[in-house]
Amino acid sequence: MEDEPWESLSRPAARRRRARRRRRRTVRRLLVLAVMAVIFPIAVGAVALGVFLEDPGLVLSCNLHSMPQSATGEDTVVSASDRTPLGVVPTTANREWVPITRMSPFLAKATVAIEDRRFWSRSTALDPESIVRAAYADFKAGRTVQGGSTITQQLVRDRYLANDRGLTIARKLKEACLAGEVAHGMSKRAILQAYLNGVFYGHHAYGAEAAAQTYFSRPARNLTLDQAALLAGLPQAPSVYDPVGRRQLAQRRRDDVLTAMRSTGAISRGDYRAALARPLRLAPSSRYTAVRSRDFFGFARRELIRRYGGWRTHHGGLRVRTTLDPRLQQAAIAAVGHWLSLRSDPAAALVAIDPASGAIRAMAAIAPGRRPLDFNLATQSHRQAGSAFKTFTLTAAMEAGIPLDSVWNGPPSLTISDRRCLNANGSWVVHNYADEGAGTMSLLQATAFSVNTIFAQVALQVGPARVVDAAHRLGVESPLKPVCSITLGPEGVSPLEMTNAFATLAARGVRHRPEALSEVRSRNGRSLLARAPGTRVISQDVADRVTYALSGVVLAGTGTAANIGRPAAGKTGTAESFKDAWFCGFVPQLATCVWVGHPQAEIPLGTVDGFAQVVGGSIPARIWHDFMAPAVQSLPPLQLPAPTAAGLGPPPQPANAPATVTTR
60 MEDEPWESLS RPAARRRRAR RRRRRTVRRL LVLAVMAVIF PIAVGAVALG VFLEDPGLVL
120 SCNLHSMPQS ATGEDTVVSA SDRTPLGVVP TTANREWVPI TRMSPFLAKA TVAIEDRRFW
180 SRSTALDPES IVRAAYADFK AGRTVQGGST ITQQLVRDRY LANDRGLTIA RKLKEACLAG
240 EVAHGMSKRA ILQAYLNGVF YGHHAYGAEA AAQTYFSRPA RNLTLDQAAL LAGLPQAPSV
300 YDPVGRRQLA QRRRDDVLTA MRSTGAISRG DYRAALARPL RLAPSSRYTA VRSRDFFGFA
360 RRELIRRYGG WRTHHGGLRV RTTLDPRLQQ AAIAAVGHWL SLRSDPAAAL VAIDPASGAI
420 RAMAAIAPGR RPLDFNLATQ SHRQAGSAFK TFTLTAAMEA GIPLDSVWNG PPSLTISDRR
480 CLNANGSWVV HNYADEGAGT MSLLQATAFS VNTIFAQVAL QVGPARVVDA AHRLGVESPL
540 KPVCSITLGP EGVSPLEMTN AFATLAARGV RHRPEALSEV RSRNGRSLLA RAPGTRVISQ
600 DVADRVTYAL SGVVLAGTGT AANIGRPAAG KTGTAESFKD AWFCGFVPQL ATCVWVGHPQ
660 AEIPLGTVDG FAQVVGGSIP ARIWHDFMAP AVQSLPPLQL PAPTAAGLGP PPQPANAPAT
720 VTTR
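Numbering (our numbering), first residue to last: 60 to 723.
Structure representation (structure tokens):
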């Protein structure tokens with residue numbers, strides 16, 4: 060009871076003390092504003108005079124056109140043939156330029172409200188009033204809530220002075236001078252558009268589009284009010300207000316932007332309250348990191364660098380449509396996965412090419428149970444082609460005038476003492492697969508059943524150098540040694556090279572460069588891609604004769620597992636000791652090669668999916684079949700071209716196969 064009078068007296072006294080403190084703070088703030096309002100123009104004038112006396116040319120000469128612009132760049136976006144996205148060429152600065160009409164109007168309003176509220180009404184590039192007001196707002200809040208520099212100044216800073224960040228008097232005057240030039244030469248709308256497309260929003264995102272995709276997984280045109288306010292608050296200090304790592308600070312900054320928008324009348328009270336009540340609602344995107352069909356994407360990126368250079372590929376804002384057909388790509392992955400799915404299974408690579416243009420329609424490289432490889436099995440691995448290389452010996456034989464119906468003897472093994480074929484062990488000894496006795500047969504039959512001892516004789520007759528020359532002309536670019544055993548495929552080649560060679564045969568002797576790019580446009584829409592015409596590398600009749608012989612492989616020879624019920628030609632291949640297995644083949648509209656092997660080393664292919672030894676006619680031929688069947692189902696079944704009748708012989712039939720021959 061005795062405390063009541065004291066309590067009743069203390070409350071008014073406390074209120075009076077608080078009121079006095081508030082008055083003192085207000086007086087101090089007014090004094091600060093008054094001093095700044097007086098000192099600012101004097102200080103600017105004094106600084107200008109001082110710099111003028113030190114270097115008159117700096118003040119008197121301000122040529123915007125003589126200033127080099129910072130190399131900002133823009134992301135290169137890559138898509139499949141149907142324009143579904145494949146990915147963005149990786150870079151440390153993500154940027155996608157869009158016109159201001161494709162940005163949410165909230166973003167422009169929020170940016171002006173927090174960065175430069177008199178932007179639209181002011182006729183000059185500088186705004187002393189904004190500097191004073193921003194200083195007061197920051198002083199009152201105890202942190203940075205408003206910017207002092209105008210949007211035009213910030214644009215100049217990012218575009219022309221990115222490498223000159225020191226707070227020197229000379230730099231500030233240069234910034235002010237250049238800002239005046241920009242304001243004189245550009246409209247307000249163009250200045251704001253340039254700023255919004257170039258400013259840094261954090262997390263490698265430069266510009267509104269990249270920021271909207273990075274933080275919300277949506278284009279800038281779809282930003283809501285609260286999302287636009289969050290982005291508008293980031294350029295002042297992207298790391299401080301990082302929405303991913305500092306959510307509370309980011310939300311406070313967003314709310315400051317919303318308050319600034321409300322104070323300038325940019326939004327209604329209802330919209331303001333509704334936006335304040337919303338959480339950040341982040342939805343981080345993998346747009347700039349995720350890549351589909353990684354092996355093909357990497358090949359396309361290397362092609363872009365080869366044609367347009369590294370900087371333009373990574374920063375030139377190219378819009379790239381590739382040749383990849385997503386339907387065929389999925390069919391390739393499914394075909395490989397059906398036969399090779401266990402962690403212990405070997406790897407496989409499949410490449411499909413349109414013979415008419417060289418366009419790569421599918422490229423799949425799969426290594427079950429392994430982490431993604433640091434090289435592309437389809438384009439960068441070089442493995443023994445085995446008997447698939449006999450295709451080039453056959454091509455050289457056709458060019459040399461050797462008829463397909465010429466008769467040869469194929470014993471189980473053959474010792475060749477030709478001086479060109481001598482090796483460390485003396486004479487070259489050639490064995491058929493499993494030492495099979497093929498006997499006497501035509502070259503056409505020897506092709507169907509892949510008889511080593513006959514093809515060794517053919518290679519010697521035409522000469523190993525001509526076999527190498529045929530391979531190079533058809534599409535193999537790897538270096539090859541003209542050794543006697545070249546016909547058995549001991550040299551390393553890639554699946555892409557082999558596919559291109561078989562595509563040349565499908566095109567009846569016209570070779571096209573393997574093409575990953577269908578359309579390349581600059582950031583302003585100009586077409587950049589010039590197509591190279593195909594080159595005839597062998598005569599049409601030679602190509603047709605080779606095709607005729609290879610059709611027997613699928614009809615009755617070692618590649619019957621690849622038969623898809625329509626005219627097709629192909630060749631099996633098995634490397635020495637079963638280290639690599641191939642099937643390459645084509646219909647007139649599509650050529651495809653399949654390679655199977657262990658990626659880490661040349662290891663014999665043991666039991667896989669019930670096959671005691673993996674040879675070209677087993678799993679590779681079946682993968683080829685399972686890919687090609689759906690790949691060509693919408694294409695009309697065309698007949699293979701018919702060569703001139705002389706010297707062909709009847710196509711092999713199943714009954715002609717030697718009883719002991721097995722697939723290889």
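Cβ coordinates follow ideal geometry from the N, Cα and C atoms, glycine included.
Residue i classed as buried or exposed, judged by whether at least 16 other C-beta atoms fall within 10 angstroms
{"i": "PRO115", "result": "For PRO115, the predicted model reports a pLDDT of 40, less than 50, meaning its position is unreliable; a value from the coordinates is still stated below. Flag for PRO115 reads exposed."}
{"i": "GLN307", "result": "exposed"}
{"i": "THR512", "result": "buried"}
{"i": "LEU730", "result": "Outside the displayed span of the chain (60 to 723) sits residue 730, for which this structure offers no information."}
{"i": "SER180", "result": "exposed"}
{"i": "GLN659", "result": "exposed"}
{"i": "GLY485", "result": "exposed"}
{"i": "VAL510", "result": "buried"}
{"i": "LEU397", "result": "Per the sequence shown, the amino acid found at residue 397 is His instead of Leu. The residue in question, HIS397, is exposed, as its Cβ has fewer than 16 Cβ neighbours within 10 Å."}
Cut-off 6 Å between Cβ atoms - residues of its own chain near residue i, not counting five sequence neighbours on either side
{"i": "PRO710", "result": "GLY611"}
{"i": "LEU697", "result": "PRO647"}
{"i": "ASP175", "result": "THR209 and ILE210"}
{"i": "ARG328", "result": "none"}
Residue i versus the options, residue with shortest Cα-Cα distance
{"i": "LEU588", "options": "LEU185, SER577 and GLY324", "result": "SER577"}
{"i": "THR631", "options": "LEU547, GLY584 and LEU694", "result": "LEU547"}
{"i": "THR563", "options": "ARG79, PRO414 and ASP384", "result": "PRO414"}
{"i": "SER472", "options": "THR452, GLN516, THR348 and PRO431", "result": "GLN516"}
{"i": "ALA152", "options": "ALA267, ARG142 and PHE670", "result": "ALA267"}
{"i": "ASP285", "options": "GLY618, LEU317 and SER246", "result": "LEU317"}
{"i": "PRO702", "options": "ARG681, ASP603, MET500 and GLU362", "result": "ASP603"}
{"i": "ARG590", "options": "LEU519, ASN583 and ARG572", "result": "ARG572"}
{"i": "VAL258", "options": "SER140, GLU133 and GLY551", "result": "GLU133"}
{"i": "SER446", "options": "GLY368, LEU290, GLY616 and ARG429", "result": "GLY616"}
{"i": "ARG430", "options": "ARG402, PRO343, ALA455 and ALA423", "result": "ARG402"}
{"i": "TRP467", "options": "MET500, ARG442 and GLN439", "result": "MET500"}
{"i": "VAL802", "options": "VAL613, ALA690, THR348 and ALA483", "result": "Residue 802 cannot be examined here, being either before or after the span of the chain that is shown, 60 to 723."}
{"i": "GLY568", "options": "GLY534, ALA575 and ALA507", "result": "GLY534"}
{"i": "GLY676", "options": "GLU661, VAL655, GLN692 and PRO294", "result": "VAL655"}
{"i": "ARG305", "options": "LEU339, ALA325, ASN281 and ASN256", "result": "LEU339"}
{"i": "PHE358", "options": "PRO592, GLN389 and SER440", "result": "SER440"}
DSSP beta-bridge partners of residue i
{"i": "ASP639", "result": "GLY656"}
{"i": "HIS490", "result": "SER472"}
{"i": "ARG595", "result": "VAL569"}
{"i": "TRP683", "result": "Per DSSP, none; premise fails for TRP683."}
{"i": "VAL552", "result": "ARG442"}
{"i": "VAL137", "result": "GLY146 and VAL379"}
{"i": "TRP467", "result": "MET500"}
{"i": "PHE740", "result": "Outside the displayed span of the chain (60 to 723) sits residue 740, for which this structure offers no information."}
{"i": "ASN153", "result": "ALA264"}
{"i": "THR633", "result": "ALA640"}
{"i": "ASN482", "result": "GLY485"}
Residue i, DSSP secondary structure in three states
{"i": "SER577", "result": "strand"}
{"i": "VAL91", "result": "Because VAL91 carries a pLDDT of 48, less than 50, the predicted location of this residue cannot be relied on, and the following value inherits that uncertainty. In this structure, VAL91 counts as helix in the three-state DSSP scheme."}
{"i": "ALA650", "result": "strand"}
{"i": "ILE326", "result": "coil"}
{"i": "GLY498", "result": "strand"}
{"i": "LEU185", "result": "coil"}
{"i": "ALA411", "result": "strand"}
{"i": "THR666", "result": "coil"}
{"i": "ALA716", "result": "In this predicted model, ALA716 has a pLDDT of only 40, less than 50, meaning its place in the structure is not dependable enough to derive any value."}
{"i": "ARG420", "result": "strand"}
{"i": "ALA426", "result": "coil"}
{"i": "ALA406", "result": "strand"}
{"i": "GLY369", "result": "helix"}
{"i": "GLY611", "result": "helix"}
{"i": "SER586", "result": "strand"}
{"i": "ALA391", "result": "helix"}
{"i": "ALA628", "result": "strand"}
{"i": "PHE645", "result": "strand"}
{"i": "PRO164", "result": "helix"}
Residues of its chain near residue i, where Cβ-Cβ distance is below 7 Å and the 5 sequence neighbours each way are ignored
{"i": "PRO523", "result": "PRO541, VAL542, CYS543 and ILE545"}
{"i": "VAL215", "result": "GLU234, LEU237, ALA238 and VAL241"}
{"i": "ALA704", "result": "none"}
{"i": "ALA444", "result": "GLY548, VAL552, MET557, GLY632 and TRP641"}
8 Å CB neighbourhood of residue i in its chain, flanking five on each side removed
{"i": "LEU707", "result": "PRO462, LEU463, ASP464, LEU503, ARG604 and TYR607"}
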